[in-house]
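Keeping their order, the protein sequence lines are chains C and D.
Just so you know, we're using our numbering here: the first sequence kicks off at 5 and counts up by one.
Just so you know, we're using our numbering here: the second sequence kicks off at 5 and counts up by one.
These notes are about the structure you will find just below.
Number of protein chains: 2
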Amino acid sequence: MRARGMAPLDLESGRVDMTHGAGGRAMTQLIDQVFAAAFDNPLLAQANDQACFEPPPGRLALATDTFVVTPRFFPGGDIGAMAVHGTVNDIAMGGARPLYLTAGFVIEDGLPLSELRRIVRSMADAASQAGVAVVGGDTKVVGRGQCDGLYINTTGLGVIADPAIRISGDRARPGDAILINGPIGDHGVAVMASRENLAFETPILSDSAALNGLVAAMLDAVPEVRVLRDPTRGGLAATLNELAHQSAVGMDLDEAAIPVRAAVRGACELLGLDPLNVANEGKLVAICPPERADDLLAVMRAHPLGRDAARIGTVTGEANRYVTLTTRLGGRRIVDWLAGPQLPRIC
Amino acid sequence: MRARGMAPLDLESGRVDMTHGAGGRAMTQLIDQVFAAAFDNPLLAQANDQACFEPPPGRLALATDTFVVTPRFFPGGDIGAMAVHGTVNDIAMGGARPLYLTAGFVIEDGLPLSELRRIVRSMADAASQAGVAVVGGDTKVVGRGQCDGLYINTTGLGVIADPAIRISGDRARPGDAILINGPIGDHGVAVMASRENLAFETPILSDSAALNGLVAAMLDAVPEVRVLRDPTRGGLAATLNELAHQSAVGMDLDEAAIPVRAAVRGACELLGLDPLNVANEGKLVAICPPERADDLLAVMRAHPLGRDAARIGTVTGEANRYVTLTTRLGGRRIVDWLAGPQLPRIC
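Here's what the structure looks like:
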């Protein structure tokens, strides 16, 4: 809908400026012609400062994430699609079906409107593919040098219809199997390579993807799954250390079983990174009772986003909550989480 | 809870740095010692990437807002309390009781930890006073010059238990009464004065406040309320124009009835502002059938946040959706919304 007296924005060569955040006519133009045009759905069309709806039956899951990745376009993705995938995944990792997203934009004065529209359309496509609706939003414009182009917060609401589903980071038990849905490190290496203008023989693409379909298939087949978490910032190492701490268990990983693409391994060597510490945006760790691991692995491998799924380790009763790795050579080392920064603004 | 091997942060003289956003040990320190310490509640203590809960019966309302106000501390408030009030109010304006908030932080490298803690504590106090829990969050740290100190997104979820409550910006009808809960312009003038180091004889404080208690009292007494909206960015003029457009009605305001503090009026003259365009953070516009206006006004005036409530105008059938003002001198002028910027980064 175009409001009274609203001229079309110059979406080809115009730029966002301070008027687009000022609560007046220009902001309404931007919202109508860029955001509402892309995200169009009945709840957003309520055009109130809140979306109101009847919830489906079940427990609810609420999650938030802010995206500051640089560059905004990288091999395999962009900040818009990633802002949808990231929050959809946080909802899915609670065993929930994502329903609705809100989107909060902080935009730097001067951002080309064409770029904003491209990012917003990418968000809308990602939301549509994931089966979620963007039902509310907010736009702030800040001055030059007060933001690096564009930051996006998304917050998601999902529903857990089946009361038998109880996923939580504190439910890992000694003996449980640790699974992952595919190779690690793709996202971090893709972004880093793009940022540093590195070219590899085999192009490395971000794995940015919505995992809710995969999770639904997994929980349909194996409702006994105890833990799901996506190893984003800090990589697999940080995620497993968090889970070990939360469940008061140890973990032992089998280095040879952890999938890493050859190109990613090579790039990590070049960049001085350990793939275990590198961010992912389309991966999940699943922990389940050992007797259900084979079934779960089969379901994961049958899904396009789990073709290279693997069982990578076992939960232990180790009292210090250490995550250890049995190396290809048969040695064992502790997998710690990093104290310092690795890749800033990776997500 | 302090995680394994986590040393205490230097909350007196330390600063946020890039490690606090990197997904590792330092981020866990920051989350445990600043955020979890202040927001402590059972859902946050789940320590998962999503909060899971049984919703109370009723329709739900979901709203998001991002806060970039500068300066971060101003007379009568700060960015932290305001980030709670703003989203609580957006939920309340749907006629809903706010339940839960999420909080997403974008922090500039170098922000003093003491300041961050002060802001987070202010958020926690505001949330506690409003009766909402902060159940999830996210922290990103960006480099110097990539954010102006701190931006906060909050997203809120609320419930509308009474199916008779139907609040929406498209429900204003010709003849309806337009009410406001108190004087306009305080927030914008307080922030502007603080930014420009202006001193007034009477100090002007932001009206930043959570309006959910007031709204609950109003809807208890007068469930026939048709529209609620908080006139924030763009002020009363922008909000009424939005509502006129949404409901396809006109509005006529009585200038003499619109409460404006003398100090705010004086400051606006000095600064070249019209109070109608100045942002508020603790005000609401209510539109109700004319026969319920007196009752509603009485309930509003009985509440501490509505003592100076007033009936300021009437909805009309004017076909062009114009908002007009009958001046003190008996003239009439159109109240338009601003095309350009007024006060950037006011909320």
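For glycine and all other residues, C-beta sits at the position ideal for the given N, C-alpha and C.
All of these numbers come straight from a predicted model, not from anything done at the bench.
Assignment of beta-bridge partners to C/M255 by DSSP yields C/V319 and C/V327.
Assignment of C/N284 by DSSP, reduced to helix, strand and coil, places it in the coil class. Annotated three-state conformation of D/L64 is strand, per DSSP. With a threshold of 8 Å between beta carbons, C/Q37 makes no contact with chain D. A Cβ of chain D is located within less than 8 Å of the beta carbon of C/M97.
At a cut-off of 8 Å between beta carbons, D/A26 contacts chain C. Proximity to C/N157 across D/P61, D/T106, D/A197 and D/V73 peaks at D/T106, based on C-alpha coordinates. Around the beta carbon of C/N201, a 10 Å sphere encloses fewer than 16 other beta carbons of the protein chains shown; the residue is thus reported as exposed. Between the stretch 44-54 of chain C and the stretch 86-101 of chain C, the count of C-beta pairs closer than 8 Å stays below three; the two stretches do not touch. With the rule of 3 Cβ pairs closer than 8 Å, the stretch 134-154 of chain C counts as touching the stretch 36-44 of chain C.
Per the coordinates, the alpha-carbon of D/R199 lies some 51 Å from the alpha-carbon of C/V327.
DSSP, reduced to helix, strand and coil, places D/C292 within a strand of the structure shown. Chain order gives no chain C residues near D/Q133, where near means a beta carbon separation below 7 Å; the closest approach is about 20 Å. Per the C-alpha coordinates, the member of D/T70, D/C351 and D/P178 positioned closest to D/V282 is D/C351.
Sorting D/P235, D/Q150, D/D224 and D/R148 by C-alpha distance to the C-alpha of D/P187 places D/P235 at the top. Note on D/T159: 16 or more other CB atoms within 10 angstroms of its CB, so buried under the neighbour-count rule. Taking 8 Å as the cut-off, the Cβ atoms of D/A260 and D/L183 do not count as close.
Segment contact: the stretch 171-178 of chain C against the stretch 170-183 of chain D, fewer than three CB-CB distances shorter than 8 Å; contact not assigned. 8 Å or more divides the Cβ of D/R325 from the Cβ of D/A242. Note that the stretch 21-30 of chain C touches the stretch 111-124 of chain C; at least 3 beta-carbon pairs, one per stretch, sit closer than 8 Å.
Distances from the alpha-carbon of C/I171 to those of C/F77, C/M255, C/G99 and C/P60 put C/G99 closest. If you ignore the 5 residues before and after D/L275, its C-beta comes within less than 7 Å of the C-beta of M196, all in its own chain and listed in chain order.
Chain-order list of chain C residues neighbouring D/D53: A67, D94, M97 and R233, by C-beta distance under 7 Å. In terms of beta-carbon proximity, D/L64 lines the interface with chain C, with at least one pair separated by less than 8 Å. At a Cβ-Cβ threshold of 8 Å, C/A131 and C/V88 count as neighbours.
With three or more CB-CB distances shorter than 8 Å, the stretch 222-234 of chain C counts as touching the stretch 291-307 of chain C. Listed by position along chain C, the residues whose Cβ is nearer than 7 Å to that of D/K144 are T70 and V72.
Among the residues facing chain C, D/S172 is included, as its CB has a counterpart in that chain under 8 Å away. Contact between C/W341 and C/N216 does not hold, since their C-beta atoms are separated by about 27 Å, which reaches or exceeds 8 Å. Separation of D/A181 and D/V163 (C-alpha to C-alpha, rounded to the nearest whole angstrom) is 26 Å. At a C-beta separation below 8 Å, C/P59 has these neighbours in chain D: P59, R63 and L64.
When the beta-carbon positions are compared, C/L47 and C/A165 stay at least 8 Å from each other. Residues of chain C with a Cβ closer than 9 Å to the Cβ of D/C151 are, in chain order, V72, V110, V146, Q150, C151, D152 and Y155.
Counting along the chain, the unbroken beta strand (DSSP E) around D/N157 starts and ends at L154 to I164. Our two residues, D/T320 and C/P308, have alpha carbons roughly 58 Å apart in a direct line.
Within its own chain, the residues whose Cβ lies closer than 8 Å to the Cβ of C/F71, once the five positions on either side in sequence are excluded, are I83, M86, A87, G90, Y155, I156, N157, T158 and C351, listed in chain order.
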